[in-house]
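Student:
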Amino acid sequence: MRTWTELTAALAELEERHGRLRKFLDVEGKGRRIAALEAEMAVPGFWDSPSHSRLVIGEGSRLKHALQPLERLEQSLAELSAYVELLKEGALEESSPDFVAVDGLCDGVERLADEVELASFLSGPRDGCNAIVSLHAGAGGTEACDWADMLLRMYLRWAERKNFTVEMEELQAGDCAGISRATFRLIGDNAYGYAKAERGVHRLVRISPFDANRRRHTSFCSVDVVAEIEDDVGPDVRDEDLRVDVYRSSGKGGQHVNKTESAVRLTHLPSGIVVTCQNERSQIKNKASAMRILRARLYERMEDEKRSAMEKFYGEKGEIGWGNQIRSYVFQPYQMVKDLRTGQGTANVQAVMDGDLDDFINAWLRAGCPIARRSQPSDL
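Oh and the sequence shown: position 104 is 106 in the numbering used here, straight run, nothing missing.
1. Under a three-way DSSP split, which group does residue 69 fall into?
2. Rounded to the nearest angstrom, what separates residue 157 and residue 150 at their Cα positions?
3. For the beta strand (DSSP E) that residue 340 lies in, which residues bound it at each end?
4. According to DSSP, simplified to helix, strand and coil, what is residue 282?
5. Buried or exposed, going by whether 16 or more other CB atoms sit within 10 Å of the CB of residue 313?
6. Indicate the three-state DSSP secondary structure (helix, strand or coil) for residue 266 in the structure shown.
7. Tell me the start and end of each unbroken alpha helix (DSSP H) in the stretch 205-238 that is at least 4 residues and wholly inside, in chain order.
8. Is residue 48 helix, strand or coil when you go by DSSP?
9. Provide the residue span of the alpha helix (DSSP H) that contains residue 145, from first to last.
10. Using DSSP with H/G/I as helix, E/B as strand and the rest coil, what is residue 186?
11. Three or more beta-carbon pairs under 8 Å between the stretch 22-39 and the stretch 119-138, yes or no?
12. Is DSSP giving residue 243 helix, strand or coil here?
13. Check whether the stretch 291-298 touches the stretch 216-227, counting contact only when three or more Cβ pairs, one atom from each stretch, lie closer than 8 Å.
14. Could you name the residues of the same chain whose beta carbon sits closer than 8 Å to that of residue 9, not counting the 5 residues immediately before and after it, in chain order?
15. Quick one: give me the first and last residue of the alpha helix (DSSP H) that residue 40 is part of.
16. Which two residues bound the contiguous beta strand (DSSP E) that contains residue 170?
17. Check the C-beta distance from residue 247 over to residue 267 and give it rounded, since I have them as a contact under 8 Å.
18. Could you work out which residue in 219, 51 and 77 is closest to residue 209 when comparing CA atoms only?
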């Protein structure tokens, strides 16, 4: 339990963090923007254009949602400040049960401040969107396909922990085991904001279950993440720039799926981007899903070109092999998962493979956030 001096210092630190958060989140600017949007919604004829009204309402909702955690922090901080003032005036004694309650309240405010800081990291224009995640087995043959399957399971478990909905768009089985590639949608609040931390090459070191001599093998799998965009956002895709191939779906099917040409492959000729979708029973639905993914990838590529950082965020990640990994998973001779970008690591390999990824994702978000870089490690 804190002493009176420590409690006072903790309050001062929390107030400082609150001030940094207000400045970083631009509370005054967001408030003015919300007022302008509400004034626009009150104008006669606002509902005459459903597409425009939907965008205005969506922007207003996102801004209010972004400020809600900070409002809760402000209320809790005001309550803590009032109790500390009572302590200062002598109305509460350090030995009383009320002081213990105030100490517990301070712990709760610190946890809330941590949550608000994490939420503030997701301030990108597309962080609140759904995510489209693609896995591709790399160097390692059957080992890599099995590794891709293990990563897919890991991300599905993580999505379950985060209460995200998963829709599988494509799943291509490997020649002998595992999967060669997979594409799925993550649907939920800030799905892209969190999932983008996983973009890159993932490396596995283990004793191969496919090697009779029990030798140690290294396998690689690439993970690509793009934001799902609205229909009225992003580049236009001309029909003459597309090559559309249809074929029968592979894998588990049944009486219909494997007997009709329902699977669709779209090739965007100018960029060379290829998207495949075979999850739906209908060719029309598969084409619509593939088109949505293609537009999302084209938009991500366009944004990365503006930032002059394609090799960091998209496509040009380099070969899916040695020297390009963002995270290493070592099962033998010791157990360790370590992110090479942030230095975050853990020896609890099983927990990570069961979807416990938040420490890695949060560390990556903190490393890329200005307010996090200014904060002390104890603050975070």
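Note that CB positions come from ideal geometry on N, CA and C, so glycine has one too. Bear in mind that the values here come from a model prediction, so they are computed numbers and not experimental data.
Tutor: Considering the structure as presented:
1. helix
2. 11 Å
3. 338-341
4. coil
5. With a pLDDT of 45 at residue 313, under the threshold of 50, the predicted position of this residue should be treated as unreliable, and no value is reported.
6. strand
7. none
8. helix
9. 144-163
10. strand
11. yes
12. helix
13. no
14. 86, 89, 104, 105 and 108
15. 29-43
16. 167-175
17. 4 Å
18. 219
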